[in-house]
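Trainee: Numbering follows UniProt numbering, with no gaps: position 278 of the sequence shown is 278.
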Amino acid sequence: MPDEQLRVSQSLMMMVNAQGQMTALASMSHPPLTLTPAQWWLVGSLRSACPKEDVLAIPSTFSRAQLDEALDTLLAHSVVVPVKGTQVDSSRYVLGPGGWADIAEHHRMLYDTVRVHAYRSSLFRHARDQVVLDIGTGTGLLAILAAKAGARHVYAIEESAIAEVALEMYAENGVADRITLLQGNSRDIELPQRANVIVHELLNTDPFGENLLPAIQHATQHFLAPGGRLIPHRIEAMCVGVQMTEPVSSGQRMLREAENLNDFYGLSFKPVLKRMQAAFDVAGPNFDQGGMVIPPTAPQTLLTRPCLLRDVQLDGDLTEAMNEQSVESVLEVNAPGILGGVAIYFRAHMDEHTVLSTSPSAPPTCWGFQVKEFKERVQVQPGDRVRIVSTLNRSHGHRFKIVLA
Ligand SMILES: C[S@@+](CC[C@H](N)C(=O)[O-])C[C@H]1O[C@@H](n2cnc3c(N)ncnc32)[C@H](O)[C@@H]1O
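Have a look at this one:
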């Protein structure tokens with residue numbers, strides 16, 4: 001389209017890779033893109049919305065063919081997005097094909113009844129007669145639950161190609177007329193109206209590792225009606241000192257599990273099952289490769305009491321939480337052993353009644369917990385106090401780096 005407006009995605013992260021090259025990442029479902037000089041030039045030129053032809057007409061050292069090719073690649077990675085009026089043209093957003101489009105990832109989450117029931121009970125308490133926004137709808141589950149709970153209307157946003165399953169799931173479960181799906185990253189999207197309830201499950205095993213904080217900061221500022229509610233509204237990032245064992249996973253086990261999904265929630269998961277089987281037929285035992293850490297079969301040896309790393313109220317200003325420097329915490333040892341690292345987990349406060357905990361001492365969830373190994377091992381005894389320093393690594397989706405102080 002010749003007079004099409006384009007702009008750089010609001011969720012764009014620029015990084016310098018190990019080879020010193022500039023890389024761009026706008027969605028966790030697109031691989032990082034190493035920028036060519038022409039792409040780099042376009043990113044700089046499209047910081048605000050601009051007609052495509054105007055940008056291509058700016059005098060530069062690149063040929064028209066080079067710029068056209070560079071622009072196509074930027075659009076395919078959603079680094080640059082099409083804009084219609086002031087809004088991103090959701091119908092033309094390029095949904096990420098990998099990452100969260102992987103049906104195996106969604107199976108793990110759907111099969112986790114601890115997770116789903118925490119969200120479900122909170123939605124059934126708060127969604128009735130409300131306008132609800134589901135950020136990162138995935139296979140559509142939380143939007144469907146909100147609709148079933150009596151929401152007046154549900155908006156759902158999804159940036160990966162799993163969105164096509166969500167659409168089928170809405171229809172399959174008879175709620176398509178009350179859910180509007182908007183494709184793209186939430187930070188690029190505008191909503192027709194503000195929501196009274198925003199439900200989000202952008203939680204990583206390392207809780208802020210999926211860019212939760214910038215997405216929620218943006219959502220409370222742009223999407224939440226005054227007095228509205230976030231589900232969850234508070235995250236405590238926690239850790240506990242451990243001796244380590246290896247995590248395990250298996251694609252075949254996941255496929256067997258998936259056949260039980262219908263019984264769990266009284267919904268039909270046919271479109272999900274279809275994709276799971278197709279993915280398994282293609283990839284076989286490698287089906288769930290690249291998955292997250294899952295709960296270990298053998299219990300971890302926990303050597304310390306739980307230790308709070310951060311307590312973040314999501315409906316407040318998150319700038320400080322995102323930019324703060326290193327924080328020192330103390331592990332209180334309560335069992336003898338060789339301390340090799342900490343298992344990181346979270347407590348998500350869904351509302352005043354429900355806390356979803358991924359603690360190694362709580363019932364297992366799809367998140368498991370991630371062990372951050374220390375460089376050295378420390379022989380510890382009950383009563384010892386071990387000081388650690390945690391830093392939120394900003395260039396990597398706010399993942400924790402934890403070292404001995
Ligand atoms: C952890 S999954 C949860 C899926 C679903 N809500 C559920 O509970 O089963 C997160 C989903 O959100 C999507 N996502 C993450 N951040 C997003 C953002 N800022 N805007 C739109 N989609 C996002 C991912 O592509 C993924 O499908």
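Even glycine gets a Cβ: it sits at the ideal position worked out from N, Cα and C.
What residues match up with Phe346 in a beta bridge as DSSP calls it?
Mentor: Ala237
Trainee: Grab the span of the alpha helix (DSSP H) containing Leu12 for me, first residue to last.
Mentor: Looking at the DSSP string, Leu12 is not in any alpha helix (DSSP H), and its letter there is neither H nor E.
Trainee: Looking at C-alpha atoms only, which residue of Lys52, Glu320, Gly337 and Ser27 is the closest neighbour of Thr304?
Mentor: Gly337
Trainee: For Val386, which residues in the same chain have their Cβ closer than 6 Å to its Cβ, ignoring the five residues on either side in sequence?
Mentor: Cβ neighbours of Val386 beyond the five flanking positions: Leu331.
Trainee: Provide the residue span of the beta strand (DSSP E) that contains Leu356, from first to last.
Mentor: First-last of the beta strand (DSSP E) with Leu356: Val355 to Ser357.
Trainee: Going by the CB atoms, is the gap between Asp315 and Leu230 shorter than 8 Å?
Mentor: yes
Trainee: Which residues bound the beta strand (DSSP E) around Met22?
Mentor: Met22 to Leu25
Trainee: Please confirm whether Lys372 and Gly341 have their CB atoms less than 8 Å apart.
Mentor: yes
Trainee: Using alpha carbons as the reference points, say which of Ala405, Val94, Ile135 and Pro360 lies closest to Val240.
Mentor: Considering only alpha carbons, the answer is Pro360.
Trainee: Under the rule that 16 or more other beta-carbon atoms within 10 Å means buried, what is Ile58, buried or exposed?
Mentor: exposed
Trainee: Counting pairs of Cβ atoms below 8 Å between the region 16-23 and the region 64-82, do you hit three or more?
Mentor: no
Trainee: Thr205 to Glu259, Cα distance in whole Å?
Mentor: Rounded to the nearest angstrom, the two C-alpha atoms are 25 Å apart.
Trainee: Using a Cβ-Cβ cutoff of less than 8 Å, which residues in the same chain neighbour Gly96 once the five nearest sequence positions on both sides are dropped?
Mentor: Ser27, Met28, Ser29, His30, Ser78, Glu159, Ser160 and Ala161
Trainee: Sorry if obvious, but does the Cβ on Ser9 come closer than 7 Å to a heavy atom of ligand 1?
Mentor: no
Trainee: If I measure Cβ to Cβ from Gln289 and keep anything under 6 Å in the same chain, skipping five residues before and after, which residues do I get?
Mentor: Confidence at Gln289 is low in this model, with a pLDDT of 48, below 50, so its placement is unreliable and the value that follows should be read with caution. Closer than 6 Å at Cβ, skipping near neighbours: no residue.
Trainee: Taking the alpha-carbon positions, what's the Gln313 to Ala348 distance?
Mentor: Approximately 10 Å between the Cα atoms of the pair.
Trainee: Put Ala38 into one of helix, strand or coil per three-state DSSP.
Mentor: helix
Trainee: Please confirm whether any heavy atom of ligand 1 lies closer than 7 Å to the CB of Thr301.
Mentor: no
Trainee: Give a yes or no on whether the C-beta atoms belonging to Gly228 and Ile198 are separated by under 8 Å.
Mentor: yes
Trainee: For the region 164-180 against the region 134-152, are there 3 or more C-beta pairs whose distance is under 8 Å?
Mentor: Using a Cβ-Cβ distance cut-off of 8 Å, the region 164-180 and the region 134-152 are in contact, since at least three pairs of beta carbons, one from each stretch, lie closer than that value.
Trainee: For residue 406 and Ala335, I'd like the C-alpha separation in whole angstroms.
Mentor: The chain is shown from 1 up to 405; residue 406 falls before or after that span and cannot be answered.
Trainee: Distance check for Gly209 and Leu75, CA to CA, integer angstroms please.
Mentor: One C-alpha to the other measures close to 25 Å.
Trainee: Mapping DSSP to helix, strand and coil, what is His200?
Mentor: His200 falls in the strand class under three-state DSSP.
Trainee: I need the straight-line Cα distance from Ile235 to Leu191, nearest angstrom please.
Mentor: 25 Å
Trainee: Is DSSP giving Pro226 helix, strand or coil here?
Mentor: DSSP places Pro226 in strand when its eight states are reduced to three.
Trainee: Using 8 Å as the limit for Cβ to Cβ distance, is Leu203 near chain B?
Mentor: The structure shown has no chain B; it contains just one protein chain.
Trainee: Can you pull the DSSP bridge partners for residue 415?
Mentor: This structure cannot speak to residue 415, because the chain is shown only from 1 to 405.
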